[in-house]
Amino acid sequence: MAHMTTDRLGELSAAKVAVWLDDLSRVRLSSGGLDQLRRDKHVVGVTTNPTIFAKALSDADTYDGQLRDLAVRGVDVEEAVRMLTTYDVRWACDVMRPAYDASGGVDGRVSIEVDPRLAHEAERTVAEAKALWWLVDRPNLFIKIPATQDGLPAITATLAEGISVNVTLIFGLDRYSQVMEAFLAGMEQARANGHDLSKIASVASFFVSRVDSEVDKRLEKIGSDEAKGLRGKAAVANARLAYERYSEVFGSDRWQALADAGAHPQRPLWASTSTKNPDYRDVIYVEELIAPGTVNTMPEAVIHAYAEHGETRPDTVTDAYDDARQVFERLAAVGVDMADVIETLEREGVEKFEASWQELLDGVRKSLVAAAQGTGHPGGAAQAGGAA
1 MAHMTTDRLG
11 ELSAAKVAVW
21 LDDLSRVRLS
31 SGGLDQLRRD
41 KHVVGVTTNP
51 TIFAKALSDA
61 DTYDGQLRDL
71 AVRGVDVEEA
81 VRMLTTYDVR
91 WACDVMRPAY
101 DASGGVDGRV
111 SIEVDPRLAH
121 EAERTVAEAK
131 ALWWLVDRPN
141 LFIKIPATQD
151 GLPAITATLA
161 EGISVNVTLI
171 FGLDRYSQVM
181 EAFLAGMEQA
191 RANGHDLSKI
201 ASVASFFVSR
211 VDSEVDKRLE
221 KIGSDEAKGL
231 RGKAAVANAR
241 LAYERYSEVF
251 GSDRWQALAD
261 AGAHPQRPLW
271 ASTSTKNPDY
281 RDVIYVEELI
291 APGTVNTMPE
301 AVIHAYAEHG
311 ETRPDTVTDA
321 YDDARQVFER
331 LAAVGVDMAD
341 VIETLEREGV
351 EKFEASWQEL
361 LDGVRKSLVA
371 AAQGTGHPGG
381 AAQAGGAA
């Protein structure tokens with residue numbers, strides 16, 4: 001007699017958590033792997049970042065033809081990177097289009113990030129966002145903009161142009177409140193500019209596991225039993241309190257006026273959801289952050305882990321606000337300065353993406369030279385990031 005298999009990712013989706021994949025490569029696209037995840041694993045969105053592209057492009061074979069053509073045309077390396085990455089994202093948008101149509105434009109989204117070196121230049125970020133929007137030319141695209149202080153006006157200005165935005169690199173509650181304010185202001189301007197608000201979407205990518213990594217390091221240094229007992233608790237508490245703020249903002253009269261005009265709320269997206277500490281349950285950042293109207297973007301390994309042994313409870317967030325506040329109080333009591341933690345993570349986050357972007361530029365530069373010389377791509381032996 002056949003055993004009934006539990007569709008755990010289906011249960012997660014039924015709990016109103018959108019399952020997104022945190023990865024993209026041309027191998028994944030050309031093999032049909034992304035479409036398979038959409039069909040079989042309830043994946044309804046894709047996120048990318050400079051690190052993911054640097055890894056994907058280290059595999060030459062699937063990019064060789066396009067690299068050769070770019071080399072023949074003599075394009076510079078920055079244009080080459082745009083052509084290579086927007087090609088993949090456009091293709092992914094087409095693969096995810098059924099999820100976009102089925103959800104009325106809420107899901108089925110694919111994200112591409114502005115050049116992270118522009119993180120502190122608002123005007124250039126907006127210009128880059130518009131250029132990427134034109135290049136990909138798909139309604140289910142998200143432009144990723146980092147939530148730096150200088151990124152906030154860029155978020156508002158980009159939304160005001162009718163362009164959908166994924167706000168990335170959010171670590172702290174106060175910055176998250178500023179992001180939601182930037183979203184509301186952008187949507188109000190979009191309405192004033194005559195845009196159809198129902199066509200504009202946004203998510204706020206709140207990073208999770210990196211918070212535990214930084215806080216745990218500090219707790220280990222403090223070394224007391226009380227401090228060690230707080231390991232692995234900060235990230236979930238931080239995200240739960242972010243959802244509390246989301247609920248307040250999107251329960252306001254100001255939001256209701258936009259909703260009445262057709263706007264969709266800016267959903268909280270849990271990013272960086274793979275556990276960095278092997279002692280922690282591999283799906284902790286999924287199981288402990290189940291709440292209606294959220295997105296959880298996962299590496300493929302986490303998607304498969306949840307499909308195998310994830311436990312879906314209807315809501316693991318809204319009844320835990322007081323517990324989360326207690327965690328923050330206990331962290332402060334043992335000497336963890338959360339404001340400094342958040343500042344450190346934001347600075348390092350931008351630096352890491354800048355380093356990955358430079359790695360991407362350097363790799364493509366070498367590839368263009370090799371293609372022009374007809375010697376193939378030097379990174380061809382490397383494994384593609386996230387190949388299905």
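Under UniProt numbering, read the sequence shown as residues 1 to 388, first letter to last. Quick reminder that beta carbons are idealized off the backbone N, C-alpha and C, glycines included.
Given this structure, state the Cα-to-Cα distance separating residue i from residue j, to the nearest angstrom.
i    : j    : result
L118 : T5   : 47 Å
E346 : P116 : 12 Å
P299 : T273 : 8 Å
Y176 : A242 : 7 Å
R245 : D253 : 15 Å
F53  : A80  : 13 Å
D88  : P278 : 32 Å
N193 : W255 : 18 Å
S247 : D76  : 46 Å
Y285 : D22  : 14 Å
A122 : Q358 : 20 Å
Q189 : K199 : 14 Å
V43  : A257 : 31 Å
N238 : L230 : 13 Å
A160 : A99  : 25 Å
D322 : G74  : 59 Å
K55  : P314 : 36 Å
G374 : L173 : 52 Å
M338 : T275 : 20 Å
E113 : W134 : 14 Å
D340 : V327 : 17 Å
A182 : R26  : 34 Å
Who are the near neighbours of residue i in its chain, counting only those whose CB is closer than 6 Å to its CB and skipping five residues on each side?
i    : result
F171 : F207, I342, L345 and E346
V283 : A305, Y306 and G310
A301 : none
T158 : V126, A129 and V165
P378 : In this prediction, P378 has a pLDDT of 49, which is less than 50 and means its spatial position is unreliable; nothing more can be read from the coordinates.
A227 : L219 and V334
A271 : S205, F207 and T297
R124 : L118
D196 : none
K41  : L9 and I303
Does the distance from the CB of residue i to the CB of residue j come in under 8 Å?
i    : j    : result
L132 : I143 : yes
S103 : T47  : no
L24  : L360 : no
T62  : S30  : yes
T294 : P268 : yes
M96  : N140 : yes
L331 : A204 : no
V179 : I163 : no
T312 : E78  : no
T168 : V136 : no
L240 : A324 : A small correction: the amino acid at residue 240 is Arg; Leu does not occupy that position in the sequence shown. Yes, these two residues count as a Cβ contact at 8 Å.
I303 : V19  : yes
Quick one: residues in its chain with C-beta nearer than 7 Å to the C-beta of residue i, no 5 flanking neighbours on either side, listed in chain order?
i    : result
E288 : V236 and T316
K16  : P292 and G293
V106 : A201 and H264
G335 : I222
Y280 : G232
L368 : L67, L70, A71, V77 and A80
R8   : Y306, A307, G310 and T312
H120 : T148 and D150
A92  : L24, L29, L34, V46 and V110
S224 : V334
P146 : P116, A119, T168, L169 and V350
G32  : none
A372 : A71
For residue i, decide whether its Cβ has a neighbour in chain D, counting only Cβ atoms nearer than 8 Å.
i    : result
G194 : Among the protein chains of the structure shown there is no chain D, as only one such chain exists.
Just list the residues that DSSP pairs residue i with in beta bridges.
i    : result
V165 : I143 and S202
F207 : A271
I112 : I143
M298 : L21
G45  : R109
I170 : F206
Leaving out five residues before and five after residue i in sequence, what residues of the same chain have Cβ atoms less than 8 Å from its Cβ?
i    : result
D94  : R138
D319 : none
Q66  : M83, L84 and Y87
T51  : K352, F353 and S356
L184 : V249, R254, W255 and L258
L37  : L21, V43, E300, I303 and A388
R39  : none
Item to check | Cβ pair count under 8 Å reaching 3, the segment 67 to 78 against the segment 351 to 368 | outcome: yes
Checklist entry - Does the segment 245 to 263 come close enough to the segment 209 to 218 that 3 or more CB-CB pairs lie under 8 Å? => result no
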